[in-house]
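Here the sequence shown is numbered in this note's numbering, starting from 83 and rising by one per residue.
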Amino acid sequence: MTDTSRAEGSPPLTQTRQFWVLLGYAATLGVLGALASLVFMGVIGIGDNWYVVASPGWFGGHWWWIAVTAAAGALVGLLRRLTRLPEHTPGLIAELEEGRVEPRLVPGIVAVSAVSLIGGASLGPEKALGSIGGGAGSWVSRRRNLRAEDSQVNTLAGFAGAYGGLFSSTVIVVMMIMEVARPGGHRFTKALVGAVVASSVSFAVYFVVAGSVFLDAYPVPHYQFEDWQLLVAVPLGLFAAVVTTLLGTFVTLSAALFDRLKLPGAAKSTLGGAIFGLVGVALPLTLFTGSSQLNTVVTDAGTLGLGLVIALLIGKMITFAVSQASGFIGGPIFPALFIGGTAGVVVHQVFPGLPLGLTFTCLLAAVPGSLMAAPFSMVLLAAFLTADGALQTAPILIAVLTAFLTMEGIKYLLANRRHPGEGRPEKATPPSGHLADD
Numbered sequence: 083m084t085d086t087s088r089a090e091g092s093p094p095l096t097q098t099r100q101f102w103v104l105l106g107y108a109a110t111l112g113v114l115g116a117l118a119s120l121v122f123m124g125v126i127g128i129g130d131n132w133y134v135v136a137s138p139g140w141f142g143g144h145w146w147w148i149a150v151t152a153a154a155g156a157l158v159g160l161l162r163r164l165t166r167l168p169e170h171t172p173g174l175i176a177e178l179e180e181g182r183v184e185p186r187l188v189p190g191i192v193a194v195s196a197v198s199l200i201g202g203a204s205l206g207p208e209k210a211l212g213s214i215g216g217g218a219g220s221w222v223s224r225r226r227n228l229r230a231e232d233s234q235v236n237t238l239a240g241f242a243g244a245y246g247g248l249f250s251s252t253v254i255v256v257m258m259i260m261e262v263a264r265p266g267g268h269r270f271t272k273a274l275v276g277a278v279v280a281s282s283v284s285f286a287v288y289f290v291v292a293g294s295v296f297l298d299a300y301p302v303p304h305y306q307f308e309d310w311q312l313l314v315a316v317p318l319g320l321f322a323a324v325v326t327t328l329l330g331t332f333v334t335l336s337a338a339l340f341d342r343l344k345l346p347g348a349a350k351s352t353l354g355g356a357i358f359g360l361v362g363v364a365l366p367l368t369l370f371t372g373s374s375q376l377n378t379v380v381t382d383a384g385t386l387g388l389g390l391v392i393a394l395l396i397g398k399m400i401t402f403a404v405s406q407a408s409g410f411i412g413g414p415i416f417p418a419l420f421i422g423g424t425a426g427v428v429v430h431q432v433f434p435g436l437p438l439g440l441t442f443t444c445l446l447a448a449v450p451g452s453l454m455a456a457p458f459s460m461v462l463l464a465a466f467l468t469a470d471g472a473l474q475t476a477p478i479l480i481a482v483l484t485a486f487l488t489m490e491g492i493k494y495l496l497a498n499r500r501h502p503g504e505g506r507p508e509k510a511t512p513p514s515g516h517l518a519d520d
């Protein structure tokens, strides 16, 4: 902290009592986040893929799955009513940007998310875990009467504590939170240090207990880096922007359709469960978070066939969109990883001269990177998940930045059409609608 960045005569930030108090909160939130992650992931791990034991090919599912997913939807509707959750709860990205989680909503979100994930909804666990960690940070801030800036820092530290064990990398967690939340001024330094402390403590506790990490999960063939791959990364990034836009279209249409239905919330979630269950019967790999299912897509890429892989790509978009629109709760990161990775397999099958490792890693990072506006953290995540070398991260970065800038350019053009002559509005609505919402 330089003298010009603080008030004259005030001590450096690290020499204030409040800074060390916030670090103490961050360490505590790291322990809490690790324990919450262990419990929640343990619960959904028992039910993960519990009924999807079938062929990954066409119509490899069973018709009774529809009854299971519809029943999960009915239970989701009942839980939302019992816990008094509003029809539209704040999304993960919105909570990170605002730096605040409403603590009273956390129990309902966690309960509904657990049922959603066990029931097969195409969503991820990061929404529930973020609500637990961020909600704890907001609750402590409220109880201790912290000022608004420190309350936001505390909430972000809670998110970091919840994700330290889930993503098994302090660097990825901290970078993702800082990219999405974008804290400025004094808040940046405090949020950065707090996130590092919370995520490091969380990872240490999680690793000691669980003894596993979320790295090297997808065994893509290693490929030799060559200069031309940097140029290929540009059209791969453009294709990722197309995929993200198509995903946004499905989300927007699904939300509009379910909003127009004059039905109780429980009926909507039951209908939504039946719909994604029907898609799951035809395409079993579209159900659940997509983490283990993507491993199957990569491993069996040569035998699944181009038509089936394209169907999986579209089918996952539909199940994700329907899951969100009908009242199920979960995060967008894991489904986006499945969609991006599967899109990379599609590109490889259409252009077999391009290495699978290249197309898979570039799209794996570019789709969620452009979706969440967190390009650099997604580059690291893709590199860690596939154990790529240092040189191989260069085309990944180019693909992600291409996709990210393309999506931002689309938002800018749409904003200018809606507000001609006024410049860019304070916050434009992306063409992807509420992609990052639960």
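We put the beta carbon where it would ideally sit given N, CA and C, even for glycine.
Report all residues from its chain with a CB closer than 7 angstroms to the CB of L473; omit the five preceding and five following residues, and keep chain order.
Same-chain partners within the cutoff: F307.
Assign G397 to one of three DSSP states: helix, strand, or coil.
helix
Burial state of T237 (16 or more Cβ within 10 Å)
buried
Looking at the ligand FAD, does it come within less than 7 angstroms of L496, judged from the CB to the closest heavy atom?
No copy of the ligand FAD occurs in the structure displayed, which carries no ligand at all.
Local Cβ density within 10 Å of G155, reported as buried at 16 or more and exposed below that
Burial call: buried.
Span of the alpha helix (DSSP H) around L157
W146 to L164
Contact set for A418: own chain, Cβ-Cβ below 7 angstroms, skip 5 residues either direction
V449, P450 and L453
Alpha helix (DSSP H) containing S373: first to last residue?
S373 to T381
Quick one: what does DSSP say K509 is sitting in, helix, strand or coil?
Bear in mind that a pLDDT of 46 at K509, under 50, signals an unreliable position, so the number given afterwards is only what the model happens to contain. Correct three-state label for K509: coil.
Going by DSSP, which residues form a beta bridge with G206?
As computed with DSSP, G206 is found in a beta bridge with G413.
Limits of the alpha helix (DSSP H) - the one that A497 falls within:
Looking at the DSSP string, the run of the alpha helix (DSSP H) that includes A497 is T475 to R500.
If we ignore side chains and look at the alpha-carbon of each, how far apart do V150 and R342 end up?
25 angstroms
Given this structure, state the Cα-to-Cα distance separating G201 from L318, to the nearest angstrom.
When rounded, the distance between both Cα atoms is 34 angstroms.
Check Q306 in the structure and name its three-state DSSP category.
Q306: coil per DSSP, three-state reduction.
When the Cβ atoms of the segment 387-397 are set against those of the segment 419-439, are three or more pairs found closer than 8 angstroms?
Cβ pair count under 8 angstroms is three or more, so yes.
Would you kindly work out how many angstroms separate the C-alpha atoms of S459 and A465, rounded to a whole number?
10 angstroms
Can you have a look at V391 and say buried or exposed, based on whether 16 or more other CB atoms are within 10 angstroms of its CB?
By the neighbour-count rule (16 or more Cβ atoms within 10 Å), V391 is buried.
Could you give the C-beta distance for T165 and A210, rounded to a whole number, given that I count them as a contact under 8 angstroms?
Rounded, the Cβ-Cβ distance is 13 angstroms, inconsistent with contact.
I'd like the ranges of any alpha helix (DSSP H) spanning at least 4 consecutive residues and lying wholly in the segment 256-298.
268-292
In this structure, how does DSSP classify W140 when only helix, strand and coil are distinguished?
coil
Go through its chain and collect everything with a Cβ distance to A108's Cβ below 6 angstroms, but skip five positions before and after it.
A239, G276, V279 and A280
Beta-carbon gap between A455 and V262 smaller than 8 angstroms
yes
C-alpha distance - L335 paired with F358, whole-angstrom precision
15 angstroms
Could you give the distance in angstroms between the alpha-carbon of P512 and the alpha-carbon of V404?
Note on P512: pLDDT 44, under 50, position unreliable in the model; the coordinate value appears next. Between P512 and V404, the C-alpha separation is close to 19 angstroms.
Check whether the Cβ atoms of L120 and A292 sit closer than 8 angstroms, and answer yes or no.
Taking 8 angstroms as the Cβ cut-off, L120 and A292 qualify as a contacting pair.
Distance between I411 and T488 (C-alpha atoms, nearest Å):
29 angstroms
Environment of W147 [buried if 16+ CB atoms lie within 10 Å]:
buried
Beta carbon of I126, beta carbon of L199: below 8 angstroms?
yes
Would you decide whether K344 is buried or exposed? Buried here means 16 or more other CB atoms lie within 10 Å of its CB.
The residue is exposed, with fewer than 16 neighbouring Cβ atoms inside 10 Å.
Less than 8 angstroms between the beta carbons of T252 and S204, yes or no?
Inclusion of T252 and S204 in the CB contact set at 8 angstroms is not warranted, their separation being larger than that value.
Hey, is the segment 172-184 in contact with the segment 369-382, meaning 3+ C-beta pairs nearer than 8 angstroms?
no
Note down, in chain order, each residue of its chain lying with its Cβ closer than 6 angstroms to the Cβ of T468, except the 5 sequence neighbours on either side.
Closer than 6 angstroms at Cβ, skipping near neighbours: Y300, V302 and T443.
Helix, strand or coil at Y300 according to DSSP, with G and I counted as helix
coil
Once DSSP output is grouped into helix, strand and coil, what is the label at H170?
H170 falls in the coil class under three-state DSSP.
8 angstroms Cβ shell around A383 - same chain, five flanking residues per side excluded:
V391, V427, H430, Q431 and L438
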